[in-house]
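Participant: In terms of my numbering, the sequence shown opens at residue 1 and continues consecutively.
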Amino acid sequence: MGVILDTSVLIEAERRKAEIDKLTEDREEEIFGISVITVAELLHGLHRADSTKRRLKRSAYVEKIIELFPIYAFETSIARIYAELWSDLSKKGIQIGAHDLIIGSTALSLGFSVATRNMRHFERIEGLKIEILTLQE
Numbered sequence: 001m002g003v004i005l006d007t008s009v010l011i012e013a014e015r016r017k018a019e020i021d022k023l024t025e026d027r028e029e030e031i032f033g034i035s036v037i038t039v040a041e042l043l044h045g046l047h048r049a050d051s052t053k054r055r056l057k058r059s060a061y062v063e064k065i066i067e068l069f070p071i072y073a074f075e076t077s078i079a080r081i082y083a084e085l086w087s088d089l090s091k092k093g094i095q096i097g098a099h100d101l102i103i104g105s106t107a108l109s110l111g112f113s114v115a116t117r118n119m120r121h122f123e124r125i126e127g128l129k130i131e132i133l134t135l136q137e
């Protein structure tokens with residue numbers, strides 16, 4: 001089994017100054033990874049930094065994440081799951097942000113769970129296993 005880390009978990013770890021590798025502590029037998037959309041979201045935050053100091057700090061953090069975790073691209077197999085979920089949710093009148101839907105679709109395609117701080121969106125994706133990771137300081 002594996003875990004896709006949602007951007008919200010990584011941002012919370014940064015804010016709390018938690019060691020990022022502590023997220024996977026005592027779970028070395030599992031695969032932890034991120035969606036390519038998470039990389040884009042983290043880079044977006046980097047480019048929005050309001051000072052050079054903050055930008056440099058965020059840049060180092062993002063690069064560490066990119067180095068530490070496998071990155072799963074948005075490819076055709078994931079796009080098929082995404083399209084079906086999007087259609088099913090739309091028929092029910094349920095809206096989920098495209099980025100969260102891509103992250104959830106990535107996890108489903110791999111048979112992984114999603115670790116998130118944003119249960120509201122992910123709990124709407126049928127069949128998706130969700131977990132909350134405890135951040136170690």
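Even glycine gets a Cβ: it sits at the ideal position worked out from N, Cα and C.
At 3 residues or longer, what runs of the beta strand (DSSP E) sit wholly inside the segment 22 to 64?
Facilitator: 31 to 35
Participant: Helix, strand or coil, according to DSSP, for L5 in the structure here?
Facilitator: For the purposes of this step, residue 5 is taken as residue 5 along the sequence shown, with counting starting at 1. L5 falls in the strand class under three-state DSSP.
Participant: Mapping DSSP to helix, strand and coil, what is I20?
Facilitator: For this step, residue 20 is matched to residue 20 along the sequence shown. Note: I20 maps to helix in three-state DSSP.
Participant: What residue from M119, A115, R120 has the CA that sits closest to I4's CA?
Facilitator: Counted from its first residue, the sequence shown places residue 4 at position 4. I4 has its Cα closest to that of A115, out of M119, A115, R120.
Participant: Using the three-state DSSP reduction, which class does I130 fall into: helix, strand or coil?
Facilitator: Reading the sequence shown from its first residue, position 130 is the one you call residue 130. Strand.
Participant: Bridge partners of S113, per DSSP?
Facilitator: Along the sequence shown, read from residue 1 onward, the residue named residue 113 stands at position 113. Residue pairing for S113: DSSP places it in a beta bridge opposite V3.
Participant: Which class does I125 belong to by DSSP, given the choice of helix, strand or coil?
Facilitator: Translated into the one-based positions of the sequence shown, residue 125 becomes position 125. Residue state, collapsed to three classes: coil.
Participant: For the candidate residues R80, V39, I130, whose alpha-carbon lies nearest to that of I66?
Facilitator: Reading the sequence shown from its first residue, position 66 is the one you call residue 66. I66 has its Cα closest to that of V39, out of R80, V39, I130.
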